[in-house]
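Taking it in order: structure first as structure tokens, then the write-up.
Residue numbers (our numbering): 4 to 111.
What follows is the structure in structure tokens.
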């Protein structure tokens, strides 16, 4: 496999993850080409709001209960989409290649 850059075309290509893992801890390229951060947390408060809405609905507060259920479900959906996008970014990063001559990155 060769670099897709028209200026380079080098065959000195490596998986981006292997390149980053091989760098020294303080190397500038280690942060430049770092693995995308995982999106975690935040689902528990959304679930709590949803459950609170159900409890309010049962206790007779219909309108606030429905509002809390909808807010909790919407919040949970937004968190789910963020986690999904972060997972896709990490999967693409794992499959990315880097040219060691010109540092061009691409995903085959």
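For glycine and all other residues, C-beta sits at the position ideal for the given N, C-alpha and C.
(request) Inspect the CB distances between the region 29–41 and the region 54–74 and report whether three or more fall short of 8 Å. (result) Counting Cβ pairs under 8 Å, fewer than three are found: no touch.
(request) Look at residue 74 and residue 52 and say whether their C-beta atoms are less than 7 Å apart. (result) Here residue 74 refers to the residue found at position 71 when the chain shown is read from its first residue. Here residue 52 refers to the residue found at position 49 when the chain shown is read from its first residue. Judged by their CB atoms, residue 74 and residue 52 are nearer to each other than the 7 Å cut-off.
(request) State yes or no: is the C-beta of residue 19 within less than 7 Å of the C-beta of residue 101? (result) As a first step, residue 19 is located in the chain shown; it is residue number 16 there, counting from the start. As a first step, residue 101 is located in the chain shown; it is residue number 98 there, counting from the start. In contact: residue 19 and residue 101 (Cβ atoms closer than 7 Å).
(request) Measure the C-alpha to C-alpha separation of residue 40 and residue 89 and round it to an integer number of angstroms. (result) Reading the chain shown from its first residue, position 37 is the one you call residue 40. Reading the chain shown from its first residue, position 86 is the one you call residue 89. Residue 40 and residue 89 have their C-alpha atoms spaced approximately 7 Å apart.
(message) I'd like the span of the alpha helix (DSSP H) that includes residue 55, first residue to last.
(response) Counted from its first residue, the chain shown places residue 55 at position 52. It spans 46–62 - the alpha helix (DSSP H) in which residue 55 sits, taken as one unbroken run.
(request) Give a yes or no on whether the C-beta atoms belonging to residue 95 and residue 110 are separated by under 7 Å. (result) The sequence position of residue 95 within the chain shown is 92, counting from 1. The sequence position of residue 110 within the chain shown is 107, counting from 1. Yes; because the gap between Cβ atoms is below 7 Å, this pair is in contact.
(message) Output needed for residue 103: all residues of its chain with C-beta closer than 8 Å, excluding positions within five of it in sequence on either side, in chain order.
(response) On the chain shown, position 100 is the one that residue 103 refers to. Contacts found: 13, 15, 16, 17 and 22.
(request) With a threshold of 16 other CB atoms inside 10 Å of the CB of residue 82, please say whether the residue is buried or exposed. (result) Mapped onto the chain shown, residue 82 falls at position 79. When all chains shown are included, residue 82 counts as buried.
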